[in-house]
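Engineer: Take my numbering: the last position of the sequence shown gets the number 504, and nothing is skipped along the way. C-beta atoms are modelled at their ideal positions from N, C-alpha and C, and glycine is treated no differently. Fair warning: this is a prediction, and the values are worked out from it, not measured in the lab. Provided herewith is a single structure, encoded as structure tokens, for subsequent inquiry.
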Amino acid sequence: MRLQIDTPLGPIAGVQSPGHQSFLGIPFAKPPVGGLRFRAPEPPDSWSGVLEARGFRPAAPQGESALPGMSVAETSEDCLYLNVFTPRAGGVGAKPVLFWVHGGGFTAGSASQDLYDGGPLVTRGDVVVVTINYRLGAFGYLSLDGVDSNIGQRDQIAALEWVSDNIESFGGDPENVTIFGESAGGMAVTALLAMPAARGLFRRAISQSGTTHQGYGTDFAGRVGAMLLEEMAMSDVAGLRAAPAESLVEAQLRCMAKARRENMQMPFVPVIDVESMPSHPLEAVASGDARDIPLLVGTNLDEFKLFTLGNRKVTGMGIEALDRRAQSLTAACGGDDSAAQELVETYRSALERRGANSPYEILSAIESDRSFRVPGIRIAEAQSIHQPQTFSYLLTWKSPAARGLLGACHALELPFVFGTLGAPTMDRFAGSGPDADRLSETMMDSWLSFARSGDPNCEALPSWDRYDSDRRATMIFDRDCMLVDAPYDAERAAWDQIL
6 MRLQIDTPLG PIAGVQSPGH QSFLGIPFAK PPVGGLRFRA PEPPDSWSGV
56 LEARGFRPAA PQGESALPGM SVAETSEDCL YLNVFTPRAG GVGAKPVLFW
106 VHGGGFTAGS ASQDLYDGGP LVTRGDVVVV TINYRLGAFG YLSLDGVDSN
156 IGQRDQIAAL EWVSDNIESF GGDPENVTIF GESAGGMAVT ALLAMPAARG
206 LFRRAISQSG TTHQGYGTDF AGRVGAMLLE EMAMSDVAGL RAAPAESLVE
256 AQLRCMAKAR RENMQMPFVP VIDVESMPSH PLEAVASGDA RDIPLLVGTN
306 LDEFKLFTLG NRKVTGMGIE ALDRRAQSLT AACGGDDSAA QELVETYRSA
356 LERRGANSPY EILSAIESDR SFRVPGIRIA EAQSIHQPQT FSYLLTWKSP
406 AARGLLGACH ALELPFVFGT LGAPTMDRFA GSGPDADRLS ETMMDSWLSF
456 ARSGDPNCEA LPSWDRYDSD RRATMIFDRD CMLVDAPYDA ERAAWDQIL
């Protein structure tokens, strides 16, 4: 069934789907091509005819994903489009809006991936869901003279501005917007908390497995920019602006490989910038810049295991290899070798008590906490000082994939939160059956409750108390959900004064 509605920019035609309506591929900015490459987004032009919004538009330029089911079908620099899923466009009563920022290390991903179908959340929760594309990699996060800073973040702000101006036409409440994202998307959410131009465009925030300590510094960004120029054999941004998009993506991939060898795990990230993000997100939150924003933040227990998939050197490592790997933690420990060794021993003892102290399990626990759980705790600690509506979670449900080797790995919460367990390959990745369905319904209801009121409590959960640095109340999501004070706290405390 064909739908048509009027918006401030012009009429839009969408699609009636079972239980909801979809409007796909709506421009929220001018195409960032030609002279607009490496420039902040500009408002879209209006149109006189009917905009056909019945299919997804291309994703931002990127390489092939190494993760199953995460590759995108089509890419283009003309990528600044969003999708709206609504119970009924123009319906009576403004509904809460959930605004999704996809992950992918700021170099991959798309709002069109099956995992991010907004339909199930809309149908279950009577909300409006918006999913967006934004510029990635060098196109969105390059820092050089002649390049606007934090372009990918500014794209997200432009999309939020579009929501503010247009979402009422789709039945949404522009005064009740919750931003949520996972991985790089979760990191983008915390960056938005520190960006003055984003203030007033959303009321609540959910950060899923989003780090708060990668990159950001101007020195770091300068190294990455110089690396890209070297790979392109160019001296300034003028050459980069004229280069084919495909050659930039190829150079970007080479930069990423080189950066990993230099222990720069995410070379393209938001950067501290006087104009757009004047302070580090954690510092901004600690200073109270986001004091009016209720925050839900959490991670998965075994985040790192997703990145070891198929790497037998890691999964089959011995104790000697673990000790060598521990030496790489010295930088995280301020150059103190003894602190790095003490950290490893803390994890070795803690995992031995749980009967899972193989070298691989120890490494996985250290890296999961270093990159995800501890940074998530730090942002919750900082926000809870200013905002009582701060909540923490930990997913411990285990993936059945790879004979259980993945555990509660990175991205595992996504099909539960979106209600997309039926998407291709998700039964093998996340599981299926009554327990999986029940967990998904519980997480959906919790996220929906938070979007409505800033409180994630729902009927299926035990009472979820607010987070503070004394109790560290954390909701465990698994077959049996429970509130636990300070889970895995010896390991968390081992990072104090380090990370």
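With distances taken Cα to Cα, identify the nearest neighbour of residue 172 among 202, 133, 38 and 304.
Structural biologist: When each option's Cα is compared against that of residue 172, the closest is 133.
Engineer: Cα-Cα, which of 130, 174 and 280 is closest to residue 457?
Structural biologist: The candidate whose alpha carbon is nearest that of residue 457 is 130.
Engineer: Looking at C-beta atoms only, is the number of pairs between the segment 343-356 and the segment 402-413 that lie closer than 8 Å three or more?
Structural biologist: Contact between the segment 343-356 and the segment 402-413 is absent, because fewer than three Cβ pairs lie under 8 Å.
Engineer: Between which residues of its own chain and residue 209 is the CB-CB distance below 7 Å, once the five residues before and five after are set aside?
Structural biologist: Taken in chain order, the residues that qualify are 183, 298, 299, 455, 456 and 459.
Engineer: Residue range of the beta strand (DSSP E) that residue 26 falls in?
Structural biologist: Note, residue 26: beta strand (DSSP E), 25-32.
Engineer: Can you tell me the Cα-Cα spacing of residue 212 and residue 198, whole angstroms?
Structural biologist: The straight-line gap from Cα to Cα measures roughly 11 Å.
Engineer: Does the contact criterion of 3 or more C-beta pairs under 8 Å hold for the segment 263-282 versus the segment 158-175?
Structural biologist: The segment 263-282 is in contact with the segment 158-175.
Engineer: What is the C-beta distance between residue 108 and residue 188, in whole angstroms, given that I count them as a contact (C-beta under 8 Å)?
Structural biologist: With a Cβ gap of about 3 Å, residue 108 and residue 188 count as contacting.
Engineer: Based on the DSSP output, what are the partners of residue 305 in its beta bridges?
Structural biologist: Partner(s): 400.
Engineer: Can you have a look at residue 449 and say buried or exposed, based on whether 16 or more other CB atoms are within 10 angstroms of its CB?
Structural biologist: Buried, because 16 or more other Cβ atoms sit within 10 Å of the Cβ of residue 449.
Engineer: Is residue 239 helix, strand or coil when you go by DSSP?
Structural biologist: Looking at residue 239 - three-state DSSP - the assignment turns out to be coil, as it is neither helix nor strand.
Engineer: Anyone know if the C-beta pair for residue 117 and residue 276 falls short of 9 Å?
Structural biologist: Not a contact, by the Cβ cut-off of 9 Å.
Engineer: Which residues in the same chain as residue 153 place their Cβ atom closer than 6 Å to its Cβ, once the five residues preceding and following it in sequence are excluded?
Structural biologist: Hits under 6 Å: 44 and 45.
Engineer: In chain order, what residues of the same chain lie with their CB nearer than 8 Å to the CB of residue 369, ignoring the 5 residues before and after it?
Structural biologist: Excluding residues within five positions, the ones whose Cβ falls inside 8 Å are 307, 309, 310, 313 and 412.
Engineer: According to DSSP, what are the bridge partners of residue 16?
Structural biologist: 11, per the DSSP bridge assignment.
Engineer: Take residue 304 and list the residues in its own chain whose beta-carbon comes closer than 7 Å to its own, dropping the five residues that flank it on each side.
Structural biologist: Excluding residues within five positions, the ones whose Cβ falls inside 7 Å are 214, 377, 378, 381 and 399.
Engineer: Quick check: the Cα distance between residue 389 and residue 500, rounded to an integer number of angstroms?
Structural biologist: Straight-line Cα distance between these residues: approximately 19 Å.
Engineer: Distance check for residue 205 and residue 471, CA to CA, integer angstroms please.
Structural biologist: The straight-line gap from Cα to Cα measures roughly 24 Å.
Engineer: Under 7 Å Cβ to Cβ from residue 70, same chain only, skipping five residues before and after it: list those, please.
Structural biologist: Within the same chain, residue 70 has close Cβ partners 76 and 113.
Engineer: Have a look at 88, 52 and 186 and flag the residue whose alpha-carbon is nearest the alpha-carbon of residue 61.
Structural biologist: With distances taken between Cα atoms, residue 61 lies closest to 88.
Engineer: Mind checking who residue 100 pairs with in its DSSP beta bridge?
Structural biologist: The partner list for residue 100 (beta bridge, DSSP) reads 177.
Engineer: With a 10 Å radius around its C-beta and 16 neighbouring C-beta atoms as the bar for buried, classify residue 50 as buried or exposed.
Structural biologist: It is exposed - the Cβ of residue 50 has fewer than 16 other Cβ atoms within 10 Å.
Engineer: List, from N- to C-terminal side, the alpha helix (DSSP H) runs of 4 residues or more that fit wholly inside the segment 75-133.
Structural biologist: For the segment 75-133, whole alpha helix (DSSP H) runs of length 4 or above, ordered along the chain, are 124-130.
Engineer: Kindly say whether residue 433, judged by its beta-carbon, lies nearer than 9 Å to any beta-carbon of chain D.
Structural biologist: Included in the structure is just one protein chain, with no chain D present.
Engineer: Put residue 489 into one of helix, strand or coil per three-state DSSP.
Structural biologist: Three-state result, residue 489: strand.
Engineer: What is the DSSP secondary structure of residue 190, reduced to helix, strand or coil?
Structural biologist: The answer is helix: DSSP assigns residue 190 an H, G or I state.
Engineer: In angstroms with no decimal places, state the Cα-to-Cα distance between residue 103 and residue 241.
Structural biologist: Straight-line Cα distance between these residues: approximately 40 Å.
Engineer: By alpha-carbon positions, which one of 496, 58, 222 and 163 ends up nearest to residue 374?
Structural biologist: Residue 374 has its Cα closest to that of 496, out of 496, 58, 222 and 163.
Engineer: Evaluate residue 441 with the Cβ neighbour count: other Cβ atoms within 10 Å of its Cβ, from every protein chain shown; 16 or more gives buried, anything less gives exposed.
Structural biologist: Residue 441 comes out buried.
Engineer: In terms of residue numbering, what span does the beta strand (DSSP E) encompassing residue 213 cover?
Structural biologist: Note, residue 213: beta strand (DSSP E), 209-213.
Engineer: Work out the CA separation of residue 384 and residue 289 for me, nearest whole Å.
Structural biologist: Taking the straight line from one Cα to the other gives about 10 Å.
Engineer: Report back the beta-carbon spacing between residue 124 and residue 285 to the nearest angstrom; my notes put them in contact at under 8 Å.
Structural biologist: That pair is no contact at about 37 Å.
Engineer: Expressed to the nearest angstrom, what Euclidean distance is found between the alpha-carbon atoms of residue 81 and residue 64?
Structural biologist: The straight-line gap from Cα to Cα measures roughly 6 Å.
Engineer: Can you name the start and end residues of the beta strand (DSSP E) that residue 4 belongs to?
Structural biologist: Because the chain is modelled from 6 through 504, residue 4 falls outside the range shown and cannot be assessed.
Engineer: Measuring CA to CA, which of 145, 146 and 165 is closest to residue 137?
Structural biologist: Nearest C-alpha to residue 137: 165.
Engineer: Any idea if residue 342 is buried or exposed, counting beta-carbon neighbours within 10 angstroms, 16 or more meaning buried?
Structural biologist: Answer is exposed; the Cβ neighbour count stays below 16.
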